[in-house]
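Asker:
Chains as they are written, first to last, in the numbering used here: chain A, 5 to 156; chain B, 25 to 701.
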């Protein structure tokens, strides 16, 4: 089948549009990738990870949480089996944020060795599990609030 | 007993679906009337058995029959009745049961509409019914074996954990999934009409109207389902947004995009005999995307590429997806010659061109979302890294496409079919252009200068201007010709061409949504403070006073409630009660925001944290301008679909549409008559 001039034009035009579109999508995805790393993986990347948008997941290290109310800054360390990373998060901690809990922070890794987070998420577990001994039960946080209500 | 009874019903339904498929395909061949009748009856019985299985599961849930594994998984004695009823679709097996029920009902309705015909049923319609039965077979195998919700447990647990906490936190969960599923599953019907036509190699003149009508119903529900999902997300998730480009949201949005492209291209096919293969490809893609979406959200593949192979559902879905894809591609290649376009593009300035560009944009949009959604899976499978594609990618890519689409809403209807003249176009676009220019200057003068918002509003005014003209111009002509009042003439014009004006109402809803998205996205303000009891925090025009904090115990959850008084410019707006809920299923609390909804803006309050003695609370407040327009726009879209599909009264207005003898074709003719949209 011989290509008519019209069909050739359409094909070339289509190929150009597709090419530009593919280029835009590829660039768009590439520029907005957010890598999900553990503290060990982040530290292994070293300086190459500075500045790019990341998600860091780990456990909140015991004894590391400091809340500076006047600056509205929350500082803590996230750890995995081997390494820990200093995190600075803006805004008040969510209600269930405690030491030893799993957390994911979104933000950037800075040359000062601090991960600056704009979004702090406590790891959600949708699966029900029996509470382990030593787990602080949610009810312990608001037991007093029940009492107050009764007292009023 | 309940478990085995339900399982038996699904097995019988599966048998009927197989029988129905054979009968319908045989019924499409010469002398197959008896078989077709048998196939139709099988469809009714199929719907009956699936409905029975569905009700059996509801019964098991409501009676807390924990011997049924699914009930033990999602039920609990403490869950309120309403949430117990809707917990049927709160996990995998139950939601596939809901899927099967909706599919079976659609199949029965298709069978019923075939039966109304007094003429021999065309081969392609019989084959379509057969195809629909085959889709039923797939889902019934799924709930009969790998995802059987009626598995029994022994020993029987005394109680269960209750449904996923997020899903029992708002009554919207009773509305959003069924709406979405009616839309999602319904795409199987136009797909089977396309597939049947490809099998039969026959595409009669009535096919576009028929398939358009069958696609419009699920499309309307899908639109409502997507908007309801956004609304749910806004009311429940407590981040003040409504759309996060989450894979679950994308899964519902991608088929909507291709189905929307289809609804436009099928009009070109109807009017001009062009784009036949393209239209078929679009509706087949829509169905494939619904399967892909269900696979993505239900197989666990999103949590990890490696998770899905552990379950049975994932490979099962992937196989079915592959089969449908291969069969469709083979049929499209085989029938390509038979479905050549009979018309051709006459001019670059024509309605056809506008629809063509519309289609390219919608398909590009679907690709953008598809690639962004699939990229993390591909990256994990190929390179072994865990990545996510950030929302900025989706926003950057989709905003230009969206703006071009709004522009097309304003230009497309002004273009005539075949060939437009610059004069006629200029006349139609004159006033909308003036209105947009005035609006643009005024917006700028009043300080609305953020480029994207300004552009969206101005384009929306332009498109609105054209829509108004499309209503007013014929109404004025009719007013002059018949001496009616303007309102009466307007109603007369709309009713005489429901399909066209229904479409315009849908466009109006889309404009409301676009404005809502641009305004709430651009001018959103938020703040977060720890407020001491009795203290007031100023937030722009607003002031928030933290009055008190207490806890309540409810059967299925505990709640910590903050009482806040909101003020706007010194005037009290009354008390608001943002709360945190503690469910037994999860240790983390789920916030229920308190929202003051307004036409101009919403004030959205979330309780973030509190002192254990109630001395202070941390509250986040978000002001989102015009966010409510999005939900209203969704409702307007739904109304537009209903208006467009509403059957004409017999006689009267329908007089100009002579019903054709076949009821099946006739019904379509009544609806589609005079369709010029």
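Heads up, the beta-carbon is just placed ideally off N, CA and C, and yes, glycines get one too.
Mind listing the chain B neighbours of residue 57 of chain A? Cutoff is C-beta to C-beta under 8 Å, in chain order.
Answerer: Here the question's residue 57 of chain A lines up with position 53 in the first chain. Result: 414.
Asker: From A:82, A:103, A:37, A:54, pick the residue whose C-alpha is nearest to that of residue 114 of chain A; which is it?
Answerer: Stepping through the first chain from its first residue, residue 114 of chain A is reached at position 110. Checked all of A:82, A:103, A:37, A:54; the closest Cα to residue 114 of chain A is A:54.
Asker: Starting from residue 584 of chain B and walking both ways along the beta strand (DSSP E), at which residues does that stretch end?
Answerer: As a working note, residue 584 of chain B is residue 560 in the second chain. Looking at the DSSP string, the run of the beta strand (DSSP E) that includes residue 584 of chain B is 581 to 592.
Asker: What in chain B is Cβ-close to residue 82 of chain A, meaning under 8 Å?
Answerer: Position 78 of the first chain holds residue 82 of chain A. Going along chain B, no residue has its Cβ under 8 Å from residue 82 of chain A, so there is no contact; the nearest lies around 16 Å.
Asker: Which word fits residue 15 of chain A, buried or exposed, when buried means at least 16 other C-beta atoms lie within 10 angstroms of its C-beta?
Answerer: Numbered from its first residue, the first chain carries residue 15 of chain A at position 11. By the 10 Å Cβ count, residue 15 of chain A comes out exposed.
Asker: Look up residue 146 of chain A in the DSSP assignment and say whether it is helix, strand or coil.
Answerer: As a working note, residue 146 of chain A is residue 142 in the first chain. Of the three classes helix, strand and coil, the one that applies to residue 146 of chain A here is helix, per DSSP.
Asker: Taking CB distances under 9 Å as the criterion, tell me whether residue 164 of chain B reaches chain A.
Answerer: Position 140 of the second chain holds residue 164 of chain B. Not an interface residue.
Asker: Cα separation between residue 581 of chain B and residue 644 of chain B?
Answerer: Position 557 of the second chain holds residue 581 of chain B. Position 620 of the second chain holds residue 644 of chain B. About 23 Å.
Asker: Can you check whether the C-beta of residue 417 of chain B is within less than 9 Å of a C-beta belonging to chain A?
Answerer: Numbered from 1 along the second chain, position 393 holds the residue referred to as residue 417 of chain B. At least one chain A Cβ lies under 9 Å of residue 417 of chain B.
Asker: Below 7 Å CB to CB, which residues in the same chain sit around residue 381 of chain B once its five sequence neighbours on both sides are set aside?
Answerer: Residue mapping note: residue 381 of chain B aligns to position 357 of the second chain, counting from 1. Counting only Cβ-Cβ distances below 7 Å, and skipping sequence neighbours, we find 432.
Asker: Quick one: list the residues of chain E neighbouring residue 40 of chain A, beta-carbon separation under 7 Å, in chain order.
Answerer: Included in the structure are the protein chains A and B, with no chain E among them.
Asker: Of all the residues that make up the segment 537 to 564 of chain B, which are near chain A by a beta-carbon distance shorter than 9 Å?
Answerer: Those would be 552, 553, 554, in chain order.
Asker: Counting contacts by CB-CB distance shorter than 9 Å, is residue 76 of chain A in contact with chain B?
Answerer: On the first chain, residue 76 of chain A is found 72 positions in, with the first residue counted as 1. So yes, residue 76 of chain A belongs to the interface.
Asker: Mind pulling the alpha helix (DSSP H) runs of 4 or more residues that sit fully within the segment 403 to 459 of chain B?
Answerer: If we require 4 residues or more, the alpha helix (DSSP H) runs fully inside the segment 403 to 459 of chain B come out as 415 to 435.
Asker: Apply the 10 Å Cβ neighbour rule to residue 28 of chain B and answer buried if 16 or more other Cβ atoms are within range, or exposed otherwise.
Answerer: Here residue 28 of chain B refers to the residue found at position 4 of the second chain. The residue is exposed, with fewer than 16 neighbouring Cβ atoms inside 10 Å.
Asker: Give the residues from the segment 565 to 576 of chain B that approach chain A closer than 7 Å (Cβ to any Cβ), ordered along the chain.
Answerer: Within the segment 565 to 576 of chain B, the residues whose Cβ lies closer than 7 Å to some Cβ of chain A are 573, 574, 575, listed in chain order.
Asker: So residue 83 of chain A is in the beta strand (DSSP E); what residue range does that whole segment cover?
Answerer: Taking the first residue of the first chain as 1, we reach residue 83 of chain A at position 79. Unbroken beta strand (DSSP E) run through residue 83 of chain A: 77 to 83.
Asker: Could you compute how far the alpha carbon of residue 221 of chain B sits from the alpha carbon of residue 57 of chain B?
Answerer: Residue mapping note: residue 221 of chain B aligns to position 197 of the second chain, counting from 1. Residue mapping note: residue 57 of chain B aligns to position 33 of the second chain, counting from 1. About 18 Å.
Asker: Applying the criterion that 16 or more other CB atoms from any shown protein chain within 10 Å of the CB defines a buried residue, is residue 621 of chain B buried or exposed?
Answerer: Against the second chain, residue 621 of chain B aligns to sequence position 597. The residue in question, residue 621 of chain B, is exposed, as its Cβ has fewer than 16 Cβ neighbours within 10 Å.
Asker: Starting from residue 640 of chain B, follow its DSSP beta bridges and name the residues at the other end.
Answerer: Position 616 of the second chain, counted from the first residue, corresponds to residue 640 of chain B. Bridge partners of residue 640 of chain B: B:556.
Asker: Please state whether DSSP places residue 569 of chain B in a helix, a strand or coil.
Answerer: By one-based count along the second chain, residue 569 of chain B stands at place 545. In the structure shown, residue 569 of chain B sits in a strand (DSSP, three-state: E or B).
Asker: State the start and end residues of the unbroken beta strand (DSSP E) segment that holds residue 227 of chain B.
Answerer: Numbered from 1 along the second chain, position 203 holds the residue referred to as residue 227 of chain B. That residue, residue 227 of chain B, is in no beta strand (DSSP E); it is neither H nor E in DSSP.
Asker: Which residue spans inside the segment 85 to 167 of chain B form an unbroken alpha helix (DSSP H) run of at least 4?
Answerer: With a minimum length of 4 residues, the continuous alpha helix (DSSP H) runs that stay inside the segment 85 to 167 of chain B are 93 to 98, 105 to 110, 116 to 139.
Asker: Alpha carbon to alpha carbon, how far is residue 114 of chain B from residue 36 of chain B? Give it in angstroms, no decimals.
Answerer: Position 12 of the second chain holds residue 36 of chain B. Position 90 of the second chain holds residue 114 of chain B. Cα-Cα distance, rounded: 25 Å.
Asker: Taking 9 Å as the cut-off, decide whether the C-beta atoms of residue 396 of chain B and residue 413 of chain B are in contact.
Answerer: Looking up residue 396 of chain B in the second chain gives position 372. Looking up residue 413 of chain B in the second chain gives position 389. Yes. Within cutoff.
Asker: Do residue 200 of chain B and residue 253 of chain B have their C-beta atoms within less than 9 Å of each other?
Answerer: Numbered from 1 along the second chain, position 176 holds the residue referred to as residue 200 of chain B. Numbered from 1 along the second chain, position 229 holds the residue referred to as residue 253 of chain B. It is a contact, given that the beta carbons lie within the stated cut-off.
Asker: Out of B:91, B:628, B:583, point me to the one whose CA is closest to residue 591 of chain B's CA.
Answerer: Position 567 of the second chain, counted from the first residue, corresponds to residue 591 of chain B. Cα-wise, what sits closest to residue 591 of chain B is B:628.
Asker: When you compare only the Cα positions, how much space is there between residue 517 of chain B and residue 671 of chain B?
Answerer: Residue numbering aside, residue 517 of chain B sits at position 493 when the second chain is read from its first letter. Residue numbering aside, residue 671 of chain B sits at position 647 when the second chain is read from its first letter. Approximately 16 Å, taken between the alpha carbons.
Asker: Which residues, in order along the segment 110 to 124 of chain A, keep a beta-carbon less than 8 Å from a beta-carbon of chain B?
Answerer: Cβ contacts with chain B: none found.
Asker: Have a look at the DSSP bridge pairing and note the partners of residue 561 of chain B.
Answerer: Here residue 561 of chain B refers to the residue found at position 537 when the second chain is read from its first residue. Residue 561 of chain B pairs with B:568.
Asker: Name the chain B residues that come within less than 7 Å of residue 32 of chain A, Cβ to Cβ?
Answerer: Within the first chain, residue 32 of chain A is the residue found at index 28, counting from 1. Those within 7 Å of residue 32 of chain A in chain B are 417, 420, 421.
Asker: Can we say the segment 261 to 270 of chain B touches the segment 210 to 217 of chain B, given the rule of at least three CB pairs closer than 8 Å?
Answerer: No, the segment 261 to 270 of chain B does not touch the segment 210 to 217 of chain B.
Asker: Straight-line CA distance for residue 17 of chain B to residue 666 of chain B?
Answerer: Because residue 17 of chain B is not part of the residues shown, which for chain B are 25 to 701, the question remains open.
Asker: Relative to the C-alpha of residue 109 of chain A, which candidate in A:9, A:10, A:57, A:25 has its C-alpha closest?
Answerer: Here residue 109 of chain A refers to the residue found at position 105 when the first chain is read from its first residue. Here the closest residue by C-alpha is A:57.
Asker: Starting from residue 95 of chain A, find everything on chain B with Cβ-Cβ shorter than 9 Å and list it in chain order.
Answerer: Within the first chain, the letter at position 91 stands for residue 95 of chain A. Under the 9 Å cutoff, chain B gives 552, 632, 642, 644.
Asker: With 16 other CB atoms within 10 Å as the buried threshold, where does residue 468 of chain B fall?
Answerer: In the second chain, the residue the question calls residue 468 of chain B occupies position 444. Its Cβ having fewer than 16 others within 10 Å, residue 468 of chain B is exposed.
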